[in-house]
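Undergrad: Below is the structure I would like to discuss, written out as structure tokens.
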Amino acid sequence: MQLLAKTLYGLEHVLADELQALGAQYVERLNRAVRFHGDRALIYKANLWCRTALRILLPVHSYTARHKNQLYNGVRRYNWQELLKSSDTLAVDTTLQNTYFSHSKFVSQKIKDAVVDQIREREGKRPSVDLDQPTLRLNAHIYKNKVSLSIDTSGNSLHRRGYHVHSAAAPLNEVLGAGMIRLADWQGKSPLLDPMCGSGTIVTEAAMIAANIAPGLNRSFGFETLNDFDHELWQTIKQEAKDAQQEPTALIRGSDQSARAIRSARINLQTAGVDQHVTLQICSLDKLKPPVDQQGVIITNPPYGERLGKDDLPGFYQTIGDKLKRSFPGWDAWLLSANPVAIKRIGLQTQNKLTLYNGQLECKYLHYPLYQGSKKKKYAAQ
Ligand SMILES: C[S@@+](CC[C@H](N)C(=O)[O-])C[C@H]1O[C@@H](n2cnc3c(N)ncnc32)[C@H](O)[C@@H]1O
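Going by this note's numbering, the sequence shown runs without a break in its numbering and finishes at 461.
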């Protein structure tokens with residue numbers, strides 16, 4: 080089967096690697112998505128294991144349409160009875176891109192009408208709509224005049240791991256947090272520190288990686304309500320995931336100047352079942368010291384000024400740069416920020432500058448190797 084995994088901009092190659100490791104074939108990177116081939120087991124595994132996927136879609140039907148009648152009639156050309164009975168329920172989500180159609184709700188409605196009309200004509204009764212927990216969730220994507228209909232095997236977006244129950248200001252999306260850790264190439268062996276951890280997304284994702292906990296273990300998926308759901312196969316895959324968990328060896332620490340943020344982080348870590356793998360500390364950045372002798376990685380997203388007000392953001396970024404340079408020689412620091420003016424004041428040399436999006440905000444994800452002594456020395460030591 081050909082499948083499509085959706086992700087955030089900038090994480091396509093990370094997701095492609097995750098899918099390949101799960102056994103995906105013909106993996107092809109697209110914009111905010113990865114196309115691949117796999118069987119039913121891979122659909123279940125990709126939903127359960129991919130830390131950087133938002134949805135796993137199974138394309139079933141595509142056609143062209145420029146107006147509403149073509150949109151409706153195109154849906155009718157597919158045999159929906161294989162997927163839906165009149166006693167089942169349906170939901171349709173639509174995304175539009177450069178197309179003749181301008182209202183996604185209208186498109187969803189038309190597609191839903193076409194599916195349920197076909198079933199009613201054959202069975203005398205029509206399936207009803209359930210937006211929360213339908214038997215079948217269809218994903219419609221229209222690009223120009225090309226309509227692609229897919230089964231959404233994920234249901235709720237995969238970033239909803241179920242642990243973000245308490246939030247201090249501006250929490251990161253879980254998929255973005257996991258992606259930042261993967262982009263920093265942290266393998267769960269060296270210390271990881273988030274000195275502005277807020278509600279703890281980065282340290283929670285890090286702990287789940289280090290403990291090899293499948294991110295979807297505590298949630299349900301769209302494929303579980305499909306008519307061809309293989310309960311036994313799913314139980315086997317879930318059990319394998321439980322058996323694969325391991326004791327982390329790396330030190331993972333989150334700190335923040337706000338006691339409220341640390342409280343949220345603690346609740347979220349407990350909900351994710353990884354609180355025993357992470358130490359938390361109320362501490363402002365200027366007082367921070369490396370928690371161990373061993374050098375590690377700092378991954379953090381400081382305030383940008385957009386959602387969290389700070390009077391002198393550029394001045395604060397200069398303090399961050401000074402602190403990193405003074406107190407963390409030999410570490411690798413990765414910072415996510417949407418504030419280009421403030422970024423300039425960090426005053427450290429970047430090795431890498433990637434573009435990511437935090438919601439609608441374009442961000443830079445910056446890698447600062449914090450050299451111990453001269454650059455030459457660091458490379459000579461490697
Ligand atoms: C953008 S939020 C981090 C959100 C976090 N990544 C999450 O997913 O919840 C920035 C955090 O930096 C913290 N912060 C701001 N100034 C700080 C300082 N001088 N020392 C330590 N933490 C600071 C804030 O309290 C806030 O929790």
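All C-beta atoms, glycine included, are put in the ideal place defined by N, C-alpha and C.
Return yes when the Cβ of Lys85 is within less than 9 Å of the Cβ of Arg111, no when it is not.
TA: Residue mapping note: residue 111 aligns to position 32 of the sequence shown, counting from 1. Residue mapping note: residue 85 aligns to position 6 of the sequence shown, counting from 1. Cβ distance < 9 Å, so Arg111 and Lys85 count as in contact.
Undergrad: So, with DSSP's three-state summary, where would you put Ser416?
TA: To locate residue 416, count along the sequence shown from 1; it is residue 337. In the structure shown, Ser416 sits in a strand (DSSP, three-state: E or B).
Undergrad: Quick check: the Cα distance between Lys184 and Ser363, rounded to an integer number of angstroms?
TA: Locating residue 184 in the sequence shown gives position 105, where the first residue counts as 1. Locating residue 363 in the sequence shown gives position 284, where the first residue counts as 1. Their Cα atoms are separated by approximately 46 Å.
Undergrad: Tell me the DSSP secondary structure of Gln197 in three-state form.
TA: Residue mapping note: residue 197 aligns to position 118 of the sequence shown, counting from 1. If DSSP states are grouped into helix, strand and coil, Gln197 belongs with the helices.
Undergrad: Nearest to Glu326 by CA position, among Asn306, Ala338, Ala320 and Asn291, is which residue?
TA: In the sequence shown, the residue the question calls residue 326 occupies position 247. Residue Asn291 is the option with its Cα nearest to Glu326.
Undergrad: Which residues in the same chain have their Cβ closer than 6 Å to the Cβ of Gln176, if we skip the five residues on either side of it in sequence?
TA: In the sequence shown, residue 176 corresponds to position 97, counting from 1. These residues qualify, in order along the chain: Tyr222.
Undergrad: Does the distance from the C-beta atom of Pro370 to that of Pro270 stay below 9 Å?
TA: Counted from its first residue, the sequence shown places residue 370 at position 291. Counted from its first residue, the sequence shown places residue 270 at position 191. It is a contact, given that the beta carbons lie within the stated cut-off.
Undergrad: Beta-carbon separation of Ser141 and Ala247 under 9 Å?
TA: In the sequence shown, counting from the first residue as 1, residue 141 sits at position 62. In the sequence shown, counting from the first residue as 1, residue 247 sits at position 168. Not a contact, by the Cβ cut-off of 9 Å.
Undergrad: Jot down the residue ranges of each uninterrupted alpha helix (DSSP H) in the stretch 288 to 349, minimum 4 residues, whole runs only, in chain order.
TA: 310 to 322
Undergrad: Secondary structure at Leu94, three-state DSSP: helix, strand or coil?
TA: Locating residue 94 in the sequence shown gives position 15, counting from the first residue. In the structure shown, Leu94 sits in a helix (DSSP, three-state: H, G or I).
Undergrad: Roughly how many angstroms lie between the CA atoms of Trp265 and Ile377, to the nearest whole one?
TA: Position 186 of the sequence shown holds residue 265. Position 298 of the sequence shown holds residue 377. Roughly 10 Å separates the two Cα atoms.
Undergrad: Find the nearest neighbour of Pro274 within the set Gly375, Thr174 and Arg424, judged by alpha-carbon distance.
TA: The residue given as residue 274 occupies position 195 in the sequence shown. It is Gly375.
Undergrad: Would you call the stretch 106 to 120 in contact with the stretch 183 to 203, where contact means no fewer than 3 C-beta pairs closer than 8 Å?
TA: no
Undergrad: Is it true that the CB of Arg108 sits closer than 9 Å to the CB of Arg261?
TA: Within the sequence shown, the letter at position 182 stands for residue 261. Within the sequence shown, the letter at position 29 stands for residue 108. No; because the gap between Cβ atoms is not below 9 Å, this pair is not in contact.
Undergrad: In three-state DSSP terms, what is Thr232?
TA: On the sequence shown, position 153 is the one that residue 232 refers to. Three-state result, Thr232: coil.
Undergrad: With a floor of 3 residues, list each beta strand (DSSP E) that falls wholly inside the stretch 108 to 166, ordered by position along the chain.
TA: Entirely contained in the stretch 108 to 166, the beta strand (DSSP E) runs reaching 3 residues are, in chain order, 112 to 116 and 134 to 143.
Undergrad: In this structure, does DSSP put Leu251 in helix, strand or coil?
TA: Taking the sequence shown and counting its residues from 1, one reaches residue 251 at position 172. It is coil, neither helix nor strand.
Undergrad: Assuming Ala263 and Trp159 make a contact with CB atoms under 8 Å, what is their CB distance in whole Å?
TA: In the sequence shown, counting from the first residue as 1, residue 263 sits at position 184. In the sequence shown, counting from the first residue as 1, residue 159 sits at position 80. Actually they do not touch by this definition, with Cβ atoms about 45 Å apart.
Undergrad: My output table needs one value for Lys368: the three-state DSSP class, helix, strand or coil.
TA: As a position in the sequence shown, residue 368 is number 289, starting the count at 1. Correct three-state label for Lys368: coil.
Undergrad: Could you check what DSSP says for Tyr450 in three-state terms: helix, strand or coil?
TA: Sequence index remark: in the sequence shown, residue 450 carries index 371 (1-based). It is coil, neither helix nor strand.
Undergrad: Just mark Ser166 as buried or exposed, buried being the case when its beta carbon has 16 or more other beta carbons within 10 Å.
TA: One-based indexing of the sequence shown puts residue 166 at position 87. Classification for Ser166: exposed.
Undergrad: Quick check: is any heavy atom of ligand 1 less than 8 Å from the C-beta of Tyr383?
TA: Your numbering for residue 383 matches position 304 in the sequence shown. Yes; taking the cut-off as 8 Å, the Cβ of Tyr383 has a heavy atom of ligand 1 nearer than that.
Undergrad: For the alpha helix (DSSP H) holding Thr379, just list the boundary residues, first then last.
TA: As a first step, residue 379 must be located in the sequence shown, where it is residue number 300. Note, Thr379: premise wrong, no alpha helix (DSSP H); beta strand (DSSP E) at Val376 to Thr379.
Undergrad: With Thr173 as the anchor, note down where its beta strand (DSSP E) starts and where it stops.
TA: Position 94 of the sequence shown holds residue 173. Thr173 -> beta strand (DSSP E) spans Thr168 to Gln176.
Undergrad: Look up Glu281 in the DSSP assignment and say whether it is helix, strand or coil.
TA: Here the question's residue 281 lines up with position 202 in the sequence shown. Sequence inspection shows Ile at residue 281; the Glu mentioned does not correspond to that position. Three-state result, Ile281: helix.
Undergrad: Going by the C-beta, is Thr131 closer than 8 Å to any heavy atom of ligand 1?
TA: By one-based count along the sequence shown, residue 131 stands at place 52. Flag unset: Cβ of Thr131 not near ligand 1.
Undergrad: Can the beta-carbon of Thr214 be found closer than 9 Å to that of Leu305?
TA: Residue numbering aside, residue 214 sits at position 135 when the sequence shown is read from its first letter. Residue numbering aside, residue 305 sits at position 226 when the sequence shown is read from its first letter. One thing to note: Thr214 has its Cβ within 9 Å of the Cβ of Leu305.
Undergrad: Would you tell me roughly how many angstroms separate the C-alpha atoms of Leu387 and Ala340, rounded to the nearest one?
TA: The sequence position of residue 387 within the sequence shown is 308, counting from 1. The sequence position of residue 340 within the sequence shown is 261, counting from 1. For Leu387, the predicted model reports a pLDDT of 49, less than 50, meaning its position is unreliable; a value from the coordinates is still stated below. Their Cα atoms are separated by approximately 13 Å.
Undergrad: So what's Asp411 in DSSP terms, helix, strand or just coil?
TA: Walking along the sequence shown from the start, residue 411 turns up at place 332. Looking at Asp411 - three-state DSSP - the assignment turns out to be strand.
Undergrad: Would Leu98 be called buried (16 or more neighbouring beta carbons within 10 Å of its own) or exposed?
TA: Translated into positions along the sequence shown, residue 98 becomes position 19. Per the 10 Å Cβ criterion, buried.
Undergrad: Roughly how many whole angstroms lie between the Cα atoms of Gln360 and His245?
TA: Taking the sequence shown and counting its residues from 1, the one referred to as residue 360 is at position 281. Taking the sequence shown and counting its residues from 1, the one referred to as residue 245 is at position 166. Distance between the alpha carbons of Gln360 and His245 is about 17 Å.
Undergrad: I'd like to check one pair, Ala249 with Gly279: are the Cβ atoms closer than 9 Å?
TA: Here the question's residue 279 lines up with position 200 in the sequence shown. Here the question's residue 249 lines up with position 170 in the sequence shown. Against a cut-off of 9 Å, the Cβ pair of Ala249 and Gly279 comes out as no contact.
Undergrad: Can you name, in chain order, every residue of its own chain whose Cβ lies under 6 Å from the Cβ of Ala132, other than the five neighbours on each side?
TA: Here residue 132 is taken as the residue at index 53 of the sequence shown, counted from 1. Answer for Ala132: Ala84, Thr86, Leu94 and Leu237, listed in chain order.
Undergrad: According to DSSP, what are the bridge partners of Thr358?
TA: Position 279 of the sequence shown holds residue 358. Per DSSP, the beta-bridge partners of Thr358 are Arg332.
Undergrad: Cα-Cα, which of Gly352, Ala170 and Pro382 is closest to Val217?
TA: Position 138 of the sequence shown, counted from the first residue, corresponds to residue 217. A quick correction: the sequence has Leu, not Val, at residue 217. Out of Gly352, Ala170 and Pro382, Ala170 has the C-alpha closest to the C-alpha of Leu217.
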